[in-house]
Amino acid sequence: AIMTIDTETMIAAAHHRMMHEREANVMMYREKRKRRRYDKQIRYEARKAYAELRPRVNGRFVKIPEVTAPPSPPASPYDPSKLHLGWF
2 AIMTIDTETM IAAAHHRMMH EREANVMMYR EKRKRRRYDK QIRYEARKAY
52 AELRPRVNGR FVKIPEVTAP PSPPASPYDP SKLHLGWF
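Residue numbers (the working numbering): 2 to 89.
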């Protein structure tokens, strides 16, 4: 009978401790929920400044040569007069 009282006391103490831990966890959750921010946050000012300076096409970053129009292809793909064979 003595062993059952000690076991019941230990179970009750463990339950009591678990309830306090749960209350603490719920309070921590509620405090963190108050601090949530759903608006846009800028974490790195330097990255933002660099991104604003980079060229874009339709909102996407592009390389500098891609911003200008591509060069037009030659009229004929093969022109023997334009072969610069300096070793002959």
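Backbone N, C-alpha and C fix where the C-beta goes; we use that ideal spot for every residue, glycine too.
Secondary structure at residue i, three-state DSSP: helix, strand or coil?
i	result
R61	strand
P66	helix
K41	coil
Please report how far the alpha carbon of residue i lies from the alpha carbon of residue j, in whole angstroms.
i	j	result
Q42	K49	11 angstroms
R23	A13	15 angstroms
V58	E32	43 angstroms
V63	Y39	30 angstroms
K35	V27	13 angstroms
A52	P66	17 angstroms
A2	M29	The predicted model places A2 with a pLDDT of 48, which falls under 50 and marks its position as unreliable; any figure quoted below should be read in that light. For A2 and M29, the distance between alpha carbons rounds to 41 angstroms.
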